[in-house]
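Visitor: Take the position in the sequence shown, starting the count at 1, then add 41; the result is the number in this note's numbering. Note that the Cβ used here is the ideal one computed from N, Cα and C, for glycine as well.
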Amino acid sequence: EPIDGVTTSILQAILKDPFYGSLRTQQQLGYIVSSQTDRLATYARMSLIVQSAVKPPDKLLAAVDKFLEEFRAQLAALPDSQLERYKDSLKEELLQPDQRLGSETGRWWGEIAGFQYVWDRRNQEASLISSISKNDLLKYWDERIAAGAPQRKRNTTAVFANSPTRAADMAKMAAEGKAAGALVLDDPLAFNKSSPKVPLRDRNPSEIGR
42 EPIDGVTTSI LQAILKDPFY GSLRTQQQLG YIVSSQTDRL ATYARMSLIV
92 QSAVKPPDKL LAAVDKFLEE FRAQLAALPD SQLERYKDSL KEELLQPDQR
142 LGSETGRWWG EIAGFQYVWD RRNQEASLIS SISKNDLLKY WDERIAAGAP
192 QRKRNTTAVF ANSPTRAADM AKMAAEGKAA GALVLDDPLA FNKSSPKVPL
242 RDRNPSEIGR
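(1) Exposed or buried, which one is residue 66 when buried takes at least 16 other CB atoms within 10 Å?
(2) Can you give the Cα-Cα distance for residue 94 and residue 104, rounded to whole angstroms?
(3) Just how far apart, CA to CA, sit residue 119 and residue 219?
(4) In chain order, what residues of the same chain have a beta carbon less than 6 Å from the beta carbon of residue 167, not counting five sequence neighbours either side?
(5) Only counting the same chain, and skipping five residues up and downstream in sequence, which positions put a Cβ closer than 6 Å to that of residue 251?
(6) What first and last residue would you give for the beta strand (DSSP E) that runs through residue 74?
(7) So does the segment 106-124 actually touch the segment 58-77, counting three or more Cβ pairs closer than 8 Å?
(8) Just how far apart, CA to CA, sit residue 140 and residue 146?
(9) Going straight from the alpha carbon of residue 223 to that of residue 174, what length do you get?
(10) Excluding the 5 residues flanking residue 108 on each side, which residues of the same chain have their C-beta closer than 7 Å to its C-beta?
(11) Does residue 92 come out as helix, strand or coil in the three-state DSSP assignment?
(12) Let me confirm a value: residue 206 is counted as buried when at least 16 other C-beta atoms fall within 10 Å, else exposed. Which label applies?
(13) Exposed or buried, which one is residue 130 when buried takes at least 16 other CB atoms within 10 Å?
(14) Let me check understanding here. Comparing Cα to Cα, which of 162, 190, 46 and 72 lies closest to residue 96?
(15) Can you tell me whether residue 251 is helix, strand or coil according to DSSP?
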């Protein structure tokens, strides 16, 4: 739903600097540490990215999990005045006019490709941002993002550098993932072909606005 995408965007805006500060500045786990949000039609996701030359992927994943576990308390302690600044900044970003023709056409084609046709999406989402409270963010965190959350859907991608221990490191992380109940994919392409696809909810353009 639109509220999910907006809520994810607010959480990412709040999480962005602490995530970078913890993993990049304090722990110095990697030169590239970033977070971002995107969506496919009505499905929103948050991505946390760490690229390191000093730690293998399993250690980076453990660091990300520890950060997420500790961040909940930071979110709960966030002053309302600071939350309003994050929301105002996100609304300003949403409502900023497109600076290039390619940006505008990209937005329109995104609506068409996702069968959504919400031509005033930015205005709608800006209005939704104003309605979201800290309690809404905490509820969303506990339901969708926190470890063990009932609606959590996590996809972990690990890339291992070529090294003498690469095979052993990969096998170790795969074994740990399976022990934790994760589905470990040896062939992502085969998995994609054999899996049912999430249906897009097509909207009739003639019904938009009714």
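Guide: Well, looking at it:
(1) exposed
(2) 15 Å
(3) 36 Å
(4) 132, 135 and 136
(5) For residue 251, the predicted structure reports a pLDDT of 48, less than 50, and the residue's modelled location is therefore unreliable. A value from the coordinates is still provided. Closer than 6 Å at the Cβ level, and outside the excluded window around residue 251, lies no residue.
(6) 73-81
(7) yes
(8) 11 Å
(9) 33 Å
(10) 60, 63 and 64
(11) strand
(12) exposed
(13) exposed
(14) 72
(15) Low local confidence applies: a pLDDT of 48 at residue 251 is under 50, so the model's placement there is unreliable, and no value is given.
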